[in-house]
Amino acid sequence: MQCQHESGFLILLCKNLDGGFGCTPGGESHAAQIFCCVRALAITWALHHVDKDLLGWWLGEQEVKSGGLNGRPEKLPDDFHFLSIHD
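So for the sequence shown, UniProt numbering puts the first residue at 1; every next one is plus one.
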């Protein structure tokens, strides 16, 4: 994995196999963290490292039966994550 900016490289270390990003390498993917990481990668011109299909799948899986969105699997929905995911 190559990145022109050290900050982008550090963010990519937090990328998970499910397409999301955790707060630390190997940390659980979380919608708010994904929002921050994707924005930061865009700023550092490293967005091409994001697997858009896999990330889209992960974000789509966060919709719960009530129609809301949660930040992590098996958690209750809340408005903050709706704003993060649909921004």
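By construction, the Cβ of each residue, glycine as well, lies at the ideal position given by its N, Cα and C atoms.
- Burial check for Cys23: the Cβ neighbour count within 10 Å stays below 16, so the residue is exposed.
- Pairing Gly26 with Leu17, the inter-Cα distance amounts to about 9 Å.
- Spanning the alpha carbons of Gly19 and Ser66 requires a straight line of approximately 24 Å.
- Take Leu54, set aside five residues on each side of it, and the residues of its chain with a beta-carbon closer than 8 Å to its own are Asp18, Gly19, in chain order.
- Within the model, the alpha-carbon separation for Ser29 versus Phe21 is close to 5 Å.
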